[in-house]
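>
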Amino acid sequence: MSDGISDHGISNYKIASVGEVLYDNHIHLSEVPEPELEEWTEQDWFPKPGESIMTESPPEVEEYIEDVLPGGRSPNQALAAAHAGSNTFFHGKSSREPELEHENLDYDIDVVPNAESDVYIFVSDDGEKRITCHKEQELADADYAERLLEDGSFDQTDYLMVSNGENQNFLHSLFEGLEGTDTEVVFDPAPVEGSGDFLDYECVSYVTPNENEYVQIADETEGSDSTVLKTSADGVDVDGEYFVESPDVEPVDTTGAGDVFNGYLTASLSEGCGLGKAVKRATYAASLSVTREGAQRSIPSFDQVNDYIEGESGKNMELTRTS
């Protein structure tokens, strides 16, 4: 077990995230010969633009991998909340010693050797990403969820960030254990397959699909009490009631945008910001992140986001009511 636990104690955090640390293999599609790229588009492991999928077998793309960096939605979101200025705790599992460092982030991670979990991130010239996830085995399972709940890990947690990339049994056990508590879940439904099953849990307060994911869970969101924040390059639709515009940027890599959005959103809500202000701040943080490569390394600091909002583009933030 590895930990970076301060004197706060594991359960005394208003914001937490839980899940697996994965490892991001970055591939620029411009470096792949066109004939081979055409073959990839016919493979089940190669997602559509903006899509995230799970695959049983790792794609054979080793020669095009440019770098490998620690990632995973849950740790990325924890780091984003920490960058946003909130003391945050990450509960997780990893196949390697973790590399999560930030003054506002503490963690408790079980290391399970020889259980590789990899993400393949395919980035096009316009910054659009496609994500394929392959796990040798599920590290975060139902037993792990039950252990965290029994230990009182979330007793003081106001907001818990979770993604659908985790084991389904783990998520069901976790959400069942949180029913009737004061903890609000900020749920990222990526990869989208099966995510609709979790929208009926009362603990799921916020759901953050992108446009592609929303199309696939739209029916489930209609019967849910969750607030749905549909993200796109243009901005964020907040529960069909109003729209927050994104600033114009030249995207380099959109890989970490959703994680940055969730982290900054959660940090802002925890500070007592109203939903509209929290979404605006998260939208600007996510927009700033896409101007840089990578996921964790693209997360902007609290001061960078504030300076961005206060600058000329920030003055033009639009909030348009849609109903």
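With this note's numbering applied, the sequence shown corresponds to residues 2 to 324, in that order. Every residue gets a Cβ at the ideal spot worked out from N, C-alpha and C, and that includes glycine. Nothing here was measured: the structure is a model prediction, and the numbers come from that model.
1. Between SER324 and the rest of its own chain, which residues show a CB-CB distance below 7 angstroms, the 5 nearest in sequence each way excluded?
2. If you follow the beta strand (DSSP E) that PRO71 is part of, which residue opens it and which one closes it?
3. Could you tell me which residues DSSP puts in a beta bridge with TYR24?
4. To the nearest angstrom, how far is it from the Cα of ALA191 to the Cα of GLY312?
5. What first and last residue would you give for the beta strand (DSSP E) that runs through ASN160?
6. Mapping the DSSP letters down to three states, classify GLN254 as helix, strand or coil.
7. SER58: which of GLY153, LYS94, LYS136, ASN26 sits nearest, CA to CA?
8. For VAL186, is the classification buried or exposed, using 16 other Cβ atoms within 10 angstroms of its Cβ as the cut-off for buried?
9. Report the rounded CA-to-CA distance for GLU167 versus GLY295, giving the unit in angstroms.
10. When DSSP builds the beta bridges, which residues end up paired with ALA17?
11. Kindly list the residues whose CB is nearer than 7 angstroms to the CB of VAL65, restricted to its own chain and excluding five residues on each side of it in sequence; keep chain order.
12. Unbroken alpha helix (DSSP H) runs of length 4 or more, entirely within the region 169 to 237: which are they?
13. Select from ASN170, GLN169, ASN105, TYR160 the residue whose C-alpha is nearest the C-alpha of ALA85.
14. The alpha helix (DSSP H) that contains VAL33, what's its start and end?
15. Could you work out which residue in HIS92, ARG131, GLU117, ASP152 is closest to ILE54 when comparing CA atoms only?
16. If you draw a straight line from the C-alpha of PRO114 to the C-alpha of SER95, how long is it?
17. Opposite GLU246 in the DSSP bridges: which residues?
18. Is the beta carbon of ALA17 sitting closer than 9 angstroms to the one on PHE91?
19. Near VAL280, what residues of its chain come up, given a Cβ to Cβ distance below 7 angstroms and the 5 sequence neighbours on each side ignored?
20. Exposed or buried, what is GLU21 when buried is set at 16 or more other beta-carbons lying within 10 Å of its beta-carbon?
21. Decide if THR42 is buried, meaning its Cβ has at least 16 other Cβ atoms within 10 Å, or exposed.
22. Tell me which residue opens and which closes the alpha helix (DSSP H) that ILE310 is part of.
23. Name the residue from VAL163, GLY259, LEU30, PHE155 whose alpha carbon lies nearest to the alpha carbon of GLY181.
24. Short of 8 angstroms in beta carbon distance, which residues of its chain neighbour GLN305, apart from the five on each side in sequence? Order them along the chain.
25. Between VAL69 and ASP25, which are expected to be in contact by the criterion C-beta below 8 angstroms, what is the C-beta distance as a whole number of angstroms?
26. What residues in its chain sit with their C-beta under 7 angstroms from that of ASP119, if we drop five residues either side in the sequence?
27. Can you give me the start and stop residues for the alpha helix (DSSP H) that ARG148 sits inside?
Once the coordinates are examined:
1. Legend: pLDDT at SER324 = 40, less than 50; position of this residue unreliable, no value from coordinates given.
2. 68 to 72
3. PRO71, ASP119
4. 32 angstroms
5. The sequence shown places Tyr at residue 160, not Asn. That run of the beta strand (DSSP E) goes 160 to 164.
6. With the sequence shown as reference, residue 254 is identified as Asp, and Gln is not the correct amino acid for it. Three-state DSSP puts ASP254 in coil, outside helix and strand.
7. LYS136
8. buried
9. 21 angstroms
10. PHE90, LEU161
11. Checking the sequence, you will find Tyr at residue 65 rather than Val. Hits under 7 angstroms: ILE28, GLU32, VAL33.
12. 169 to 179, 212 to 223
13. ASN105
14. That residue, VAL33, is in no alpha helix (DSSP H); it is neither H nor E in DSSP.
15. ARG131
16. 8 angstroms
17. GLY236
18. yes
19. LEU230, VAL237, VAL239, VAL245, LEU266
20. buried
21. exposed
22. 303 to 311
23. PHE155
24. LEU289
25. 7 angstroms
26. LEU23, TYR24, ASN26, PRO59, HIS135
27. 143 to 151
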